[in-house]
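For the sequence shown, my numbering gives the first residue as 282, with consecutive numbering after it.
Backbone N, C-alpha and C fix where the C-beta goes; we use that ideal spot for every residue, glycine too.
For clarity, every value in this text was computed on a predicted model and none was experimentally measured.
Comments concern the structure below.
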Amino acid sequence: MPNYCQITGAKAKSGNRIHRSGLAKKKGGIGRHVTKVVKRVFRPNLRKKRIFVPELETWVKVTLTARALKTIDKNGAYNTLLAAGLIDPVKKSKKAAPVAAAN
282 MPNYCQITGA KAKSGNRIHR SGLAKKKGGI GRHVTKVVKR VFRPNLRKKR
332 IFVPELETWV KVTLTARALK TIDKNGAYNT LLAAGLIDPV KKSKKAAPVA
382 AAN
């Protein structure tokens, strides 16, 4: 399974954590000072889910974020997965017209 959201495309992003020392001025100190900047990773809230698609009458396994689950609740499983390119569209079959009996 991928380590990114298959619906929204969210993936891990890098950033910084700022280390500070000192006591705040309002608490009687001389103020906070930055002593170090450390790299860190912001990871998305990923879940592995099986989602039932009623139009296809099948289950689909996806890795998605909690936010993508809300999108599926709002727009429906079929429309969301179709827009993400995870499923193929339903082919509507043309029903044959009943043949009239020749008398």
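At a Cβ-Cβ threshold of 8 angstroms, I332 and I353 count as neighbours.
When Cβ pairs closer than 8 angstroms are counted between the two stretches, the segment 297-306 is seen not to touch the segment 328-344, the count staying below three.
At a Cβ-Cβ threshold of 8 angstroms, A365 and I288 count as neighbours. Excluding the 5 residues flanking it on each side, P325 has same chain C-beta neighbours closer than 8 angstroms at Y285, C286, A291, K292, A293 and T346, in chain order. The C-beta separation of L337 from V315 comes to about 54 angstroms, leaving the pair out of contact by the 8 angstroms criterion.
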